[in-house]
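J.: Residue numbering for the sequence shown follows numbering that gives the first Met the number 0, beginning at 0 and increasing consecutively. C-beta: ideal position from N, C-alpha, C; glycine also. Note that the structure is predicted; figures quoted are calculated from it, not measured.
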Amino acid sequence: MAEVLKLGLNTKSSGFEINHALANSKLIQEKEKRANNIMIFGLKCDNDKQRDGQVNDLVGVLSVNSRQVNRIIKFAAMNSNQTRPPPVLVEFDSPNTREIALKSTRALKTHKRFFGVQVVPDLTLSERLGLKLEHNACVELNSKLPANSPFEWRVRSGEKTKIDKNKALLQNQHKSGTVNQPYCY
0 MAEVLKLGLN TKSSGFEINH ALANSKLIQE KEKRANNIMI FGLKCDNDKQ RDGQVNDLVG
60 VLSVNSRQVN RIIKFAAMNS NQTRPPPVLV EFDSPNTREI ALKSTRALKT HKRFFGVQVV
120 PDLTLSERLG LKLEHNACVE LNSKLPANSP FEWRVRSGEK TKIDKNKALL QNQHKSGTVN
180 QPYCY
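#1: Given a cut-off of 8 Å on the beta-carbon distance, is the pair N69 and D92 in contact?
#2: Let me check understanding here. Comparing Cα to Cα, which of L42, E133, K30 lies closest to E158?
#3: Assess contact between the stretch 83 to 101 and the stretch 143 to 153, defined as three or more Cβ pairs (one per stretch) separated by less than 8 Å. Is contact present?
#4: Contact check, L42 vs V116 under 8 Å by CB: the rounded distance?
#5: In this structure, does DSSP put V116 in helix, strand or coil?
#6: In whole angstroms, what separates the C-alpha of T177 from that of T160?
#7: Within the chosen definition, does the stretch 57 to 67 reach the stretch 98 to 112 through at least 3 CB pairs nearer than 8 Å?
#8: Any beta carbon of chain C sitting closer than 8 Å to that of V119?
#9: Between R33 and V87, which are expected to be in contact by the criterion C-beta below 8 Å, what is the C-beta distance as a whole number of angstroms?
#10: Have a look at L21, G14, R112 and flag the residue whose alpha-carbon is nearest the alpha-carbon of L57.
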């Protein structure tokens, strides 16, 4: 057992507790490191100069000044046969700038130049795994629905959400598994 100082008292903690505390602090550091970043998927570009120009144009569409961009990183393609363009990481000067950019992503739908481009927050591995689990749960729920059902399950804001196929929001199912029913007056 290791000796750990907690709140000024000498107490003994197991190795598991120490490892758990270290893992939590590592997760917090990772989230803080990614707090200013967004990821851009589907941005087609041939060279670095063209990529930087497209990213600056895209940032302008997202209501953010290009001076608020600290750096742009294009990830290498996993293999040369890949048809999808590699993702691009954009680091802003503050988390507030990132939130402004993420809230303005609907503006991309009206631009033909950025058709098929997705802008998402830069997530940690554990956050991505959590979203994948939610997505898999939605796929399973959708498989249980009748073929002509007007509804489908999707992940919205990290939660399972039942929507109609015309994209009108109906009800939320939180991670606890309870379904929120709309109020009737």
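T.: Quick look at the numbers:
#1: In this structure, D92 lies closer than 8 Å to N69 by Cβ.
#2: Of the residues L42, E133, K30, the one whose Cα lies closest to the Cα of E158 is E133.
#3: No: fewer than three Cβ pairs fall under 8 Å.
#4: Rounded, the Cβ-Cβ distance is 5 Å, consistent with contact.
#5: Coil.
#6: A caution first: T177 carries a pLDDT of 38, below 50, which makes its placement in the model unreliable, though a value can still be read off. A straight line joining the alpha-carbon of T177 with that of T160 spans about 11 Å.
#7: Three or more beta-carbon pairs drawn from the stretch 57 to 67 and the stretch 98 to 112 are found closer than 8 Å, and the two stretches are therefore classed as touching.
#8: No chain C appears in the structure shown, which is made up of a single protein chain.
#9: About 15 Å separates the two Cβ atoms, so there is no contact after all.
#10: With distances taken between Cα atoms, L57 lies closest to R112.
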